[in-house]
Amino acid sequence: MTASELLSKIASVKASVRAAGYTGPVTTAEPPSSFIDNPSLCTSSTLDLVGINAHSYFDPNTTPAQCGSFVLNQISITKSACGGKAVFVTESGYPHKGITNGGNVPSYDNQRIALTSLFQATQGYVTLFTYTDGTFTS
Amino acid sequence: MQRPNPSSVAGGYIPYAMTYSPFNNDSSCKSAAQVLSDIQIMATKNIQSVRIYATECDTLYTVVAALKECGMKLIQGFYMTSAGVDSIDSQVSDFNTWLEQDSSNAALVEMLIVGNEAVVNVYVPRLLVSEFRTG
């Protein structure tokens, strides 16, 4: 759907949840390109903050060790496109399994390298994608 | 193969939030007890908030009960499909009903996320998503 269709729906949802008693922040989650291509989506006061899904794995020009700097840059370019509005990382992470994408080769070792880089760069202020038992149990 | 343990990879930092799906591998809904067990593991890692993508599997009653027990917050999503913006309406209704059931519920919600990649839509090839989500 278009950014303007989404924005008008968010406005309507916001009014509805406000009437039901929720007063907290409302946003959407997109890759930064959606906001850069449609800045009206994030500059509108309808969005209280900007949610981005930022995955370095999908940029073939990065390596696992660059995961953190990639995400910081995604935050920065989004904030610029959105008039300085606060940006929250609604997804980030790194796969241990899957096809190679340029400098990104999924493996447990590379996942460890990427997540270390991610957490150090962002001081952990991200939403890690995703929970599985396996992430924690060994 | 040794899997990374977040407490050793975090460089002293804990991920603030984590995404969570309430499904078993066979696509059935996890039970409230399974959900509680998962959320308790996140709580032991000091994760503060859990992002849910929709209201399916009664997450407003299973995940939320677990979050309350663990002192954690909810990042609630409304999942928008290619059917259009109104595909979230029943989820918004679920959420509002839940809000109105207990005046303390609203304070558990840290953020609402309306739509996930609804504009970009085909950003991530399906094959990559399925492989990505295994880990």
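Quick note, the sequences are listed as chains H and L, same order.
First residue of the first sequence? That's 171 in the working numbering, and the numbers climb one at a time after it.
First residue of the second sequence? That's 7 in the working numbering, and the numbers climb one at a time after it.
Built from N, CA and C at the ideal position, the CB exists for glycine as well.
All of these numbers come straight from a predicted model, not from anything done at the bench.
How many angstroms separate the CA atom of residue i from the CA atom of residue j?
i: Arg164 of chain L; j: Ile222 of chain H; result: Any question about residue 164 of chain L goes unanswered here, given that chain L covers just 7 to 141.
i: Leu285 of chain H; j: Cys35 of chain L; result: 29 Å
i: Ala172 of chain H; j: Phe240 of chain H; result: First, the amino acid is wrong: residue 172 of chain H is Thr here, not Ala. The straight-line gap from Cα to Cα measures roughly 26 Å.
i: Thr65 of chain L; j: Asp95 of chain L; result: 16 Å
i: Ser99 of chain L; j: Asn208 of chain H; result: 28 Å
i: Gly121 of chain L; j: Leu176 of chain H; result: 8 Å
i: Ser88 of chain L; j: Pro195 of chain H; result: 25 Å
i: Phe84 of chain L; j: Glu123 of chain L; result: 11 Å
i: Pro265 of chain H; j: Tyr295 of chain H; result: 19 Å
i: Ile20 of chain L; j: Met48 of chain L; result: 10 Å
i: Ser110 of chain L; j: Lys51 of chain L; result: 25 Å
i: Thr213 of chain H; j: Ala113 of chain L; result: 26 Å
Counting only beta-carbon separations shorter than 8 Å, does residue i have a partner in chain L?
i: Gln129 of chain H; result: Residue 129 of chain H falls outside the range modelled here, since chain H spans only 171 to 308, and no answer is possible.
i: Asn223 of chain H; result: yes
i: Asn208 of chain H; result: yes
Find the nearest neighbour of residue i within the set the options, judged by alpha-carbon distance.
i: Met117 of chain L; options: H:Ser203, H:Leu219 and H:Phe205; result: H:Leu219
i: Ser309 of chain H; options: H:Leu298, H:Ser174, H:Cys237 and H:Phe299; result: No answer is possible for residue 309 of chain H: it lies beyond the span of chain H, which begins at 171 and ends at 308.
i: Ala235 of chain H; options: H:Gln290, H:Leu176 and H:Lys249; result: H:Gln290
i: Val115 of chain L; options: L:Val70, L:Ser37 and L:Pro21; result: L:Val70
i: Cys237 of chain H; options: H:Ile180, H:Ile283, H:Ser178 and H:Lys179; result: H:Ile283
Please tell me whether residue i has its Cβ less than 8 Å away from any Cβ of chain H.
i: Glu75 of chain L; result: no
i: Ile119 of chain L; result: yes
i: Ala112 of chain L; result: yes
i: Phe29 of chain L; result: no
i: Leu66 of chain L; result: no
Give the range of the alpha helix (DSSP H) segment to which residue i is assigned.
i: Met48 of chain L; result: Ala38 to Thr50
i: Thr65 of chain L; result: Run containing Thr65 of chain L: none; DSSP gives neither H nor E here.
Less than 8 Å between C-beta atoms, sequence neighbours within five positions excluded: which residues of the same chain meet that for residue i?
i: Thr297 of chain H; result: Phe258, Val259, Thr260, Glu261 and Ser262
i: Leu242 of chain H; result: Ala291 and Thr292
Apart from the five residues on each side of it in sequence, which residues of its chain come closer than 6 Å, Cβ to Cβ, to residue i?
i: Ile319 of chain H; result: Lying before the first or after the last residue shown, residue 319 of chain H is absent from chain H, which here runs from 171 to 308.
i: Pro201 of chain H; result: Asn223
i: Pro230 of chain H; result: Asn271 and Gly272
i: Cys63 of chain L; result: Pro28 and Cys35
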